[in-house]
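The next block holds one structure in the form of structure tokens; read it before the comments.
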Amino acid sequence: MKSVLLSRQDLDFLLFDWLRVEELTRRSRFADHSRETFAATLDLCEQLATRYFAPHNKKSDANEPTFDGTTVTIIGEVKEALNACAEAELIGMAMDYDLGGAQLPATVAQAGFAWLFAANVGTAGYPMLTMANANLLAKFGSAEQIDAFVRPMLAGRFFGTMCLSETQAGSSLADITTRAEPQPDGTYRLFGSKMWISGGDHELTDNIVHLVLAKIPGGPAGTKGISLFIVPKYLVGPDGALGERNDVVLAGLNHKMGYRGITNTVLNFGEGGHRPGGEPGAVGYLVGEAHRGLNYMFHMMNEARLGVGMGAIALGYTGYLKSLDYARSRPQGRPATTKDPATEQVPIIEHADVKRMLLAQKSYVEGALALGLYCARLVDIAHTAASDAESEHATALLDILTPIAKSWPSQWCLAANDLAIQVHGGYGYTREYDVEQHYRDNRLNPIHEGTHGIQSLDLLGRKVVQRGGASLAALQQAMAESIAAARAAGGQLADAAAQLDAVVQRLVTVTAGMFASGDIDAALANSAIYLEAFGHMVIAWMWLEQLLAVGQRTGDFYDGKRRAAQYFFRYELPRVGPQLDLLASLDRTTLEMQPNWF
């Protein structure tokens, strides 16, 4: 029986036929691996997702964590699933051997972890954050910090968080007020409060490793004065043994519309609830150099952004598969041209409008999955590059695609979830079916790890123009290579190539004109429109790439790919034209709207 979590056939096509991940084994980092180990990893992830994660998805949604003022209580199935994940050594599957990892390509690890997201995104959030936390410390932490915190996280004994936002600052990190007071022994004492901290408190592991942004008194103003600290829930001794409770206090749980299985917390640091050694303040350990904390945190933030995008993809994908399964089995109505009510009803998948909704979902989720895995492959290339030029090229592409890989799935795979509900009809709006929860869970992703607005400003205001436009030029060149190959192939490929090329050329021209105008405020005012247009262009490229990989092969799977690509080019890519017209006009409607006019 085919899974309704993800399509293994699609994953195999994307990994082995399109991205050719086996070629990564020619690089020394992955030399111990093979197609067999990659396939075994996918098998294992699917099995864990099916056996341990999916069965309690609805239960953890209906029975979210509670806090009695002392202890957080979470249903037992969450810990059982996370223990199984740790025992399978999935937390460190892409990390170095010498840290206890399996040193798999990030491409394979992302594909494997997508199964867990599709099965239960709330429970999967704990290891996702832990992996990103561990990766940051493995890169910027000291040897002692790695031994004390990274190794236990990879073993599943500790979990990790990221503590950025504060109630008064939100996404404006320049305005955080959490402070870190230096101590004679080289540690720091932290005082302040952090908001929206996923996985911030629980009893699922022996310890929680908080990565906290704070300011050292006397440092530079704004973001240049932010430093990064490790603040564990329990102090860790030189021998690795857990010590006394740190002065980190759970102030309360936030109750969100989705992701209900993972605690979302308000944490207070240094309020006196716990006083190690009799001294006030939460004990923290500086990561790297002082005042460079935001630079370090971007390593975790960017990984988390790709993770959020993959979570959005997985939720959209499983919703699509479940609505497809429903449409195949639900008889209702007759063809529009059939007038005889005595004829047998047909499955709703026979109706053109249902096919439209299913095709739309398929085009969104399969296009987005391709993008998520493509970005993961860029991580692998940058990590194992044979030259500086190869590393710089992969990094340039990854930089400009990261805001798209986070935000486009968060918008359009959510749209897929909306359509999945509609395909189910009235049943889709009930809690007895999964698709309403998938929508609620996915609705959080447009704000997780930076809103659409933040991602769009990052894309247009930074990534497009950085290094003299090198990232945009790298992307344009990569798309040009695909377009040239598709034109040479002829037929549907050539038609799609011509359409995409026109969009690429227009977007580049419009982008240059927006900045040449000198009116930066107007250029950035509609950055969210720019993000959406840019994202549609990128997903069209992903579909062109998939068409090239399909080639002349026949069969239901490949014919479905061709038709989904056709749908995207005929129904979706044309949206970009009017958006580019608006951007080119430097429209000031939103910019000049006055608050008192609302």
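Just so you know, UniProt numbering puts 131 at position 131 of the sequence shown, and the rest follows in order with no gaps.
Backbone N, C-alpha and C fix where the C-beta goes; we use that ideal spot for every residue, glycine too.
State the beta-bridge partners of E144 as determined by DSSP.
For E144, DSSP assigns no beta-bridge partner whatsoever.
Which residues in the same chain as A304 place their Cβ atom closer than 6 Å to its Cβ, once the five residues preceding and following it in sequence are excluded?
Within its own chain, the residues whose Cβ lies closer than 6 Å to the Cβ of A304, once the five positions on either side in sequence are excluded, are A132 and E449, listed in chain order.
What residues in its chain sit with their C-beta under 8 Å from that of S171, if we drop five residues either side in the sequence?
Correct list, in chain order: S165, G450, T451 and I454.
If you reduce the DSSP assignment to three classes, tell me which class L5 lands in.
Here L5 sits in coil by DSSP.
I want to know whether the segment 509-523 touches the segment 543-553 - three or more CB-CB distances under 8 Å.
With a cut-off of 8 Å, the segment 543-553 and the segment 509-523 do not count as touching, because too few Cβ pairs lie within range.
Is M593 helix, strand or coil when you go by DSSP?
Assigned with DSSP and collapsed to three states, M593 falls in coil, not helix or strand.
Can you name, in chain order, every residue of its own chain whose Cβ lies under 7 Å from the Cβ of L154, other than the five neighbours on each side?
The answer, listed in chain order, is I91, G92, M95, L99, G100, G101 and A134.
With a CB to CB cut of under 8 Å and the five nearest residues on each side skipped, what residues in its chain are close to H291?
Hits under 8 Å: I216, G219, P220, K224, G225, I226 and S227.
Scan the segment 422-502 and note each continuous alpha helix (DSSP H) run of 4 residues or more that stays entirely inside, going in chain order.
Runs of the alpha helix (DSSP H) inside the segment 422-502: 435-443, 452-458 and 466-489.
Taking all protein chains shown into account, do 16 or more other C-beta atoms lie within 10 angstroms of the C-beta of A208, making it buried, or fewer, making it exposed?
In the sequence as displayed, the identity of residue 208 is Ile instead of Ala. I208 counts as buried, since at least 16 other C-beta atoms from the protein chains shown sit within 10 angstroms of its C-beta.
Around the C-beta of D380, are 16 or more other C-beta atoms found within 10 angstroms, so that it is buried, or is it exposed?
The Cβ neighbour count for D380, taken over all protein chains shown within 10 Å, is at least 16; the residue is labelled buried.
Chain-order list of residues whose beta-carbon lies under 6 Å from that of L321 (same chain, five-residue window excluded)
For L321, the CB contacts under 6 Å within the same chain, skipping 5 residues up- and downstream, are V4 in chain order.
M301 in three-state terms, based on DSSP
If DSSP states are grouped into helix, strand and coil, M301 belongs with the helices.
Report the CB separation of E64 from H299 in whole angstroms; it is logged as a contact under 8 Å.
So it is not a contact: roughly 30 Å between Cβ atoms.
L90 - containing beta strand (DSSP E), residue span
From DSSP, L90 is part of no beta strand (DSSP E); its letter is neither H nor E.
If you draw a straight line from the C-alpha of D340 to the C-alpha of R328, how long is it?
A direct Cα-to-Cα measurement between D340 and R328 gives close to 22 Å.
Assuming K215 is part of the beta strand (DSSP E), what are its boundary residues?
Element bounds for K215: N207 to K215.
Counting along the chain, where does the beta strand (DSSP E) carrying P232 start and finish?
That run of the beta strand (DSSP E) goes I226 to P232.
What are the partner residues of N264, as DSSP defines its beta bridges?
By DSSP's assignment, N264 forms a beta bridge with S198.
Member of L500, S585 and E592 whose CA lies at the smallest distance from the CA of A565
In terms of CA proximity to A565, L500 leads the group L500, S585 and E592.
L580 and D521 - do their beta-carbons sit closer together than 8 Å?
Not closer than 8 Å, so no.
Per-residue burial, F557 [other beta carbons within 10 Å of its own, 16 or more giving buried]:
Its Cβ having fewer than 16 others within 10 Å, F557 is exposed.
Is V266 near S193, with beta carbons less than 8 Å apart?
For V266 and S193, yes; Cβs fall inside 8 Å.
Tell me which same chain residues have a C-beta within less than 6 Å of the C-beta of Q361, skipping the five on either side of it?
Its chain contains Y320, A416 and L419 as the residues whose beta carbon lies nearer than 6 Å to that of Q361, once the 5 sequence neighbours on both sides are disregarded; these appear in chain order.
Using only the alpha-carbon positions, how far apart do L457 and R443 sit?
In this structure, the CA atom of L457 is about 21 Å from the CA atom of R443.
Report back the beta-carbon spacing between L373 and V538 to the nearest angstrom; my notes put them in contact at under 8 Å.
Between L373 and V538 a beta carbon distance of about 13 Å is seen, past the 8 Å cut, so the two are scored as non-contacting.
Rounded to whole angstroms, what is the Cα-Cα separation between S142 and P105?
Cα to Cα, the separation comes out at about 24 Å.
Among I421, Y296 and L213, which residue has its Cα nearest to the Cα of L315?
For the residues I421, Y296 and L213, the minimum Cα distance to L315 belongs to I421.
Backbone CA spacing between L129 and G490 [nearest angstrom]
Going by C-alpha positions, L129 is about 45 Å away from G490.
Residue 618 vs F568 beta-carbon contact at 8 Å:
In the structure displayed, the chain extends from 1 to 598; residue 618 sits before or after that span and is not available.
C-beta contact flag for L204 and I74 at 8 Å
Remark: C-beta atoms of L204 and I74 approach each other more closely than 8 Å.
Beta-carbon separation (whole angstroms), V576 vs H536, contact threshold 8 Å
Their Cβ separation, rounded to whole angstroms, is 5 Å, which keeps V576 and H536 in contact under 8 Å.
Assigned exposure category for R356 - 16 Cβ within 10 Å defines buried
It counts as exposed.
Do H210 and N120 have their beta-carbon atoms positioned less than 8 Å apart in this structure?
The Cβ-Cβ distance between N120 and H210 does not fall below 8 Å.
For S517, the three-state DSSP class (helix, strand or coil)
Correct three-state label for S517: coil.
Which residues does DSSP pair with G252 in a beta bridge?
Within the DSSP bridge table, the entry for G252 names V266 as partners.
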